[in-house]
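If you read the sequences in order, they're chains A and B.
The numbering of the first sequence is full-length UniProt numbering, which starts it at 1 and goes up by one.
The numbering of the second sequence is full-length UniProt numbering, which starts it at 1 and goes up by one.
Backbone N, C-alpha and C define an ideal beta-carbon position, used for all residues, glycine too.
2 protein chains.
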Amino acid sequence: MGVSLKDIAERAGVSLATVSNVVNGYRPVGEVTRQRVQRAIDELGYTPNLSARHLRRGRTGLIALAVPELTNPYFAELADVAIREAAGLGYTLLMENTAAERGAELALLEGAQRHLIDGLILSPVAIGREEVLARRARMPLVLIGEGVYDVPYDRVAIDNVAASRTATAHLVALGRRRIAFVGAPPGGDRQSAHLRIRGYREALDAAGIPFDPGLVVPTEQFGRADGEHAMHHLLSLDHPPDAVLAYNDLTAIGALRTLARSGAGVPDDVAVAGIDDIEEGRFSNPTLTTVAPDKRAIGRSAVRRLVSRIEGEGGPPMHVQPSFHLIERESTGPAR
Amino acid sequence: MGVSLKDIAERAGVSLATVSNVVNGYRPVGEVTRQRVQRAIDELGYTPNLSARHLRRGRTGLIALAVPELTNPYFAELADVAIREAAGLGYTLLMENTAAERGAELALLEGAQRHLIDGLILSPVAIGREEVLARRARMPLVLIGEGVYDVPYDRVAIDNVAASRTATAHLVALGRRRIAFVGAPPGGDRQSAHLRIRGYREALDAAGIPFDPGLVVPTEQFGRADGEHAMHHLLSLDHPPDAVLAYNDLTAIGALRTLARSGAGVPDDVAVAGIDDIEEGRFSNPTLTTVAPDKRAIGRSAVRRLVSRIEGEGGPPMHVQPSFHLIERESTGPAR
DNA sequence: CTGAAAGCGCTAACAT
DNA sequence: ATGTTAGCGCTTTCAG
Numbered sequence: 001m002g003v004s005l006k007d008i009a010e011r012a013g014v015s016l017a018t019v020s021n022v023v024n025g026y027r028p029v030g031e032v033t034r035q036r037v038q039r040a041i042d043e044l045g046y047t048p049n050l051s052a053r054h055l056r057r058g059r060t061g062l063i064a065l066a067v068p069e070l071t072n073p074y075f076a077e078l079a080d081v082a083i084r085e086a087a088g089l090g091y092t093l094l095m096e097n098t099a100a101e102r103g104a105e106l107a108l109l110e111g112a113q114r115h116l117i118d119g120l121i122l123s124p125v126a127i128g129r130e131e132v133l134a135r136r137a138r139m140p141l142v143l144i145g146e147g148v149y150d151v152p153y154d155r156v157a158i159d160n161v162a163a164s165r166t167a168t169a170h171l172v173a174l175g176r177r178r179i180a181f182v183g184a185p186p187g188g189d190r191q192s193a194h195l196r197i198r199g200y201r202e203a204l205d206a207a208g209i210p211f212d213p214g215l216v217v218p219t220e221q222f223g224r225a226d227g228e229h230a231m232h233h234l235l236s237l238d239h240p241p242d243a244v245l246a247y248n249d250l251t252a253i254g255a256l257r258t259l260a261r262s263g264a265g266v267p268d269d270v271a272v273a274g275i276d277d278i279e280e281g282r283f284s285n286p287t288l289t290t291v292a293p294d295k296r297a298i299g300r301s302a303v304r305r306l307v308s309r310i311e312g313e314g315g316p317p318m319h320v321q322p323s324f325h326l327i328e329r330e331s332t333g334p335a336r
Numbered sequence: 001m002g003v004s005l006k007d008i009a010e011r012a013g014v015s016l017a018t019v020s021n022v023v024n025g026y027r028p029v030g031e032v033t034r035q036r037v038q039r040a041i042d043e044l045g046y047t048p049n050l051s052a053r054h055l056r057r058g059r060t061g062l063i064a065l066a067v068p069e070l071t072n073p074y075f076a077e078l079a080d081v082a083i084r085e086a087a088g089l090g091y092t093l094l095m096e097n098t099a100a101e102r103g104a105e106l107a108l109l110e111g112a113q114r115h116l117i118d119g120l121i122l123s124p125v126a127i128g129r130e131e132v133l134a135r136r137a138r139m140p141l142v143l144i145g146e147g148v149y150d151v152p153y154d155r156v157a158i159d160n161v162a163a164s165r166t167a168t169a170h171l172v173a174l175g176r177r178r179i180a181f182v183g184a185p186p187g188g189d190r191q192s193a194h195l196r197i198r199g200y201r202e203a204l205d206a207a208g209i210p211f212d213p214g215l216v217v218p219t220e221q222f223g224r225a226d227g228e229h230a231m232h233h234l235l236s237l238d239h240p241p242d243a244v245l246a247y248n249d250l251t252a253i254g255a256l257r258t259l260a261r262s263g264a265g266v267p268d269d270v271a272v273a274g275i276d277d278i279e280e281g282r283f284s285n286p287t288l289t290t291v292a293p294d295k296r297a298i299g300r301s302a303v304r305r306l307v308s309r310i311e312g313e314g315g316p317p318m319h320v321q322p323s324f325h326l327i328e329r330e331s332t333g334p335a336r
């Protein structure tokens, strides 16, 4: 194997403990000794064996970020922020893919990786409040998104109702009256879709526009293909919508695709808006109006909360609510 | 702490070794004993402490996939495949972001994470052949992409010259004569861009089309914004191109954006093709013609090669060359 | 300020 | 088929 503390201790003519203290700085070390040790470390190219350290400390320095889809740009962008933040705090972040499967989310929740990671950031979509409440594992947990709410864990999520209301109000202000919502939850699960629909309805109510259930289209998943199919369905209606709010940017982009293919003008015939502000929407044709959550804040807060808990911070669970803002682009803009 | 082997051993009235063998199956265990041990494991909810196992075995079971950009869909899709493959082989895959920085690539190459990971899959873009040859670390290494070639390590990469040649030949076959290349390397580094330019030139030569250096546009990076700017430049030329091959799909999508904004017709006025086959290009407007590398094969081969080396496979370095194929979509299709 | 030594939980070599 | 035990490399008491 490689160079160990013992090698350094021998070379520098000191004890193991002293070398350890030079490395970790837990106790003061005399200047002369420190230099001798440091030289030995440099000469031999010592780096601590993390497995041994972890075994001894009972912690691994790893945390996991579990998301329903790795290839979803929203989560990729979030992961990017979270990885940097974790590194800055001395932790390594591991990505987990739950594939939006109940079993996977549950397993993680109950400590599937308990010996590998010190804590978990989970974006739950397939499990509900009861399952989180029934959790028995003690590993620190931070939830992101509004998939599960009102549980005794730290949580980081924007106000989805408000975000959705804002986007819908924008469509209303544009003079749209038949506003569809694409991306309702298939079964009845998927809490965050419910919240976004609630915001949508609130904005409709506020504008005195009657709610038409026929304009709310359920989708299996929340990808581009789902938006594409849902839009297809909407265009086949007797009275197609004049605007669409999609569950997220990805489904919105799918909708744009169908509209382009059908020859419908966007925004002239149909205005389209999404939620997430993924970079793809800044380059789509037309560019996509969206609600931008503060992804930086989400990623950083989630990691910070988790690390605080790992390092022993007590206190009641916190709910961090990062901000969001509407970004108007071509898909709801004036006619070109 | 949690439940340990010792607890199980006591509960089941057997030795540590026997429990270990039930868990790992290294030695046969009597059926009756096995059942007693298994019951104890289930009742106490035992899971092995990985740090201890790693310390003892001298391996961590972690491997890293280091890419220049986490938010690039190509790498996200690759990571998705690789994570699954690694899990299937009993390893956990860690994502590392080099941000295309020389220092980061070099550090990883030289064993920055040596005690955390058993092996590294690296997609080098900022370092060159010499730096890889000068490597002193002994940790197993697999390179992906053609950023560095002809080095004594396993490598997984498609034939970039051929891929690019194929795409260019397709544009030629469409009757295009002024074909631009967007995404040349800025400095002179970035080997894979060179290879793609070589393929582009070969196809031009084969068709008897003179090479026009003014149609090769360097870009800082290889993202959407870079394609957008490069296309802007091309449209400002006295004789703008009638086709564009982009370094990758992302830059191609940036080019599409500029073309849409300028009112140019795609493919009528300008045909556009990319390389990578990211899902985004299947939904862009117009949809993007691209060269699709076998990402599944790339991700799986890279992980398998690495794991083989970690587990002691010797032999000369292998070069795996997954296949690719052209996918014709609207951006080079007939006029709508 | 420094040293000695216990022990984290596991695997594997050696015994029975 | 099962048991005993050394030791992986580190941190952290307890002594000095």
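Q) Is the segment 85-103 of chain B touching the segment 113-129 of chain B in the sense that three or more CB pairs, one from each, lie closer than 8 Å? A) yes
Q: Give the single residue among A:159, A:149, A:111 whose Cα lies nearest to the Cα of residue 325 of chain A.
A: Checked all of A:159, A:149, A:111; the closest Cα to residue 325 of chain A is A:159.
**Q.** Chain-ordered neighbours of residue 73 of chain A on chain B, where CB pairs are closer than 8 Å
**A.** Correct list: 71, 73, 76.
Q: Give the straight-line distance between the Cα atoms of residue 280 of chain A and residue 163 of chain A, rounded to the nearest whole angstrom.
A: So the alpha carbons of these two residues sit roughly 20 Å apart.
**Q.** Beta-carbon proximity of residue 228 of chain A to residue 289 of chain A, cut-off 8 Å
**A.** no
Q: Determine which residues share a DSSP beta bridge with residue 154 of chain A and list them.
A: A:142
Q: Could you name each continuous alpha helix (DSSP H) segment of 4 residues or more that falls completely within the segment 75-152 of chain A, going from the start of the chain to the end?
A: 102-109, 129-133
Q. Should residue 115 of chain A and residue 49 of chain B be called a contact, given that it needs their Cβ atoms to be closer than 8 Å?
A. Taking C-beta atoms as the reference points, residue 115 of chain A and residue 49 of chain B count as a pair closer than 8 Å.
Q | Residues that residue 24 of chain B contacts on chain A, provided the C-beta gap is smaller than 7 Å | A | The contacting residues do not exist; residue 24 of chain B stays about 15 Å from chain A at best.
Q: Measure how close the beta-carbons of residue 271 of chain B and residue 174 of chain B come, nearest whole angstrom, since I'm counting them as under 8 Å.
A: 6 Å
**Q.** Host beta strand (DSSP E) of residue 290 of chain B (start-end)
**A.** 289-293
(Q) Just to make sure I have the definition right: I need the residues of chain A whose C-beta is within less than 7 Å of the C-beta of residue 256 of chain B. Which are they? (A) For residue 256 of chain B, the residues of chain A that pass the 7 Å Cβ criterion are 285, in the order they occur in the chain.
Q: Can you have a look at residue 35 of chain A and say buried or exposed, based on whether 16 or more other CB atoms are within 10 angstroms of its CB?
A: exposed
Q. Under 8 Å between the Cβ atoms of residue 253 of chain B and residue 77 of chain B?
A. no
Q) Mind checking if residue 319 of chain A is an interface residue toward chain B, Cβ cutoff 8 Å exclusive? A) no
(Q) For the pair the segment 37-55 of chain A and the segment 10-28 of chain A, tell me if three or more CB-CB distances fall below 8 Å. (A) Verdict: yes, contact present.
Q.
Quick test of your reading: residue 226 of chain B and residue 199 of chain B, contact by CB under 8 Å. State the CB separation rounded to the nearest angstrom.
A. Distance from residue 226 of chain B to residue 199 of chain B at the Cβ level is roughly 20 Å; contact not present, criterion being Cβ atoms closer than 8 Å.
Q) If the cut is a Cβ gap below 9 Å, which residues of chain A does residue 48 of chain B touch? A) 115
**Q.** Proximal residues of chain B, C-beta to C-beta of residue 280 of chain A below 7 Å
**A.** 280
Q: Could you tell me the distance, in whole angstroms, from the CA atom of residue 304 of chain B to the CA atom of residue 122 of chain B?
A: Whole-angstrom Cα-Cα distance: 14 Å.
Q: State the DSSP-derived secondary structure class of residue 253 of chain B, mapped to helix, strand or coil.
A: helix
(Q) Bridge partners for residue 67 of chain A per DSSP, in chain order? (A) BP columns for residue 67 of chain A point to A:97.
Q: Measure from the C-beta of residue 66 of chain A to each C-beta in chain B and report whether the shortest distance is under 8 Å.
A: no
Q: Specify, as a first and last residue, the run of the alpha helix (DSSP H) that residue 278 of chain B falls within.
A: It is not in any alpha helix (DSSP H) - residue 278 of chain B carries neither H nor E in the DSSP assignment.
Q.
Pop quiz: residue 166 of chain B and residue 245 of chain B are said to be a contact at Cβ under 8 Å. What is the actual Cβ separation, rounded to whole angstroms?
A. That pair is no contact at about 10 Å.
Q | Own chain partners of residue 86 of chain B with C-beta closer than 7 Å, once the 5 adjacent residues on each side are dropped | A | 63, 92, 93, 303
Q: Taking only beta-carbon positions, decide if residue 231 of chain A is within less than 8 Å of chain B.
A: no
(Q) Please classify residue 316 of chain A as buried or exposed, where buried requires at least 16 other C-beta atoms within 10 Å of its C-beta. (A) By the 10 Å Cβ count, residue 316 of chain A comes out exposed.
Q) Taking buried to mean at least 16 other C-beta atoms within 10 Å of its own C-beta, is residue 141 of chain A buried or exposed? A) Buried, since its Cβ has 16 or more Cβ neighbours within 10 Å.
Q: Check whether the Cβ atoms of residue 71 of chain B and residue 73 of chain A lie closer than 8 Å to each other.
A: Going by C-beta atoms, residue 71 of chain B is nearer than 8 Å to residue 73 of chain A.
Q: Determine the extent of the alpha helix (DSSP H) in which residue 373 of chain A is found, giving its start and end residues.
A: No information on residue 373 of chain A is available, as it lies outside the stretch 1 to 336 that chain A covers here.
Q) Taking the alpha-carbon positions, what's the residue 143 of chain B to residue 134 of chain B distance? A) If I take the Cα positions, the gap works out to 15 Å.
Q) Looking at the structure shown, is residue 183 of chain B part of a helix, part of a strand, or coil, going by DSSP? A) Residue 183 of chain B: strand per DSSP, three-state reduction.
(Q) Using C-beta distances below 6 Å, list every residue in its chain close to residue 148 of chain B, excluding the 5 sequence neighbours before and after it, in chain order. (A) Taking C-beta separations shorter than 6 Å and ignoring five residues to either side along the sequence, the partners of residue 148 of chain B in its chain run 124, 129, 132, following chain order.
Q) For residue 331 of chain B, does the count of other Cβ atoms within 10 angstroms reach 16, so buried, or fall short, so exposed? A) buried
Q: With 8 Å as the C-beta to C-beta threshold (strictly closer), list the residues of the UniProt domain "HTH lacI-type" (3-57) of chain A near chain B in chain order.
A: 47, 48, 49, 50, 51, 52, 54, 55
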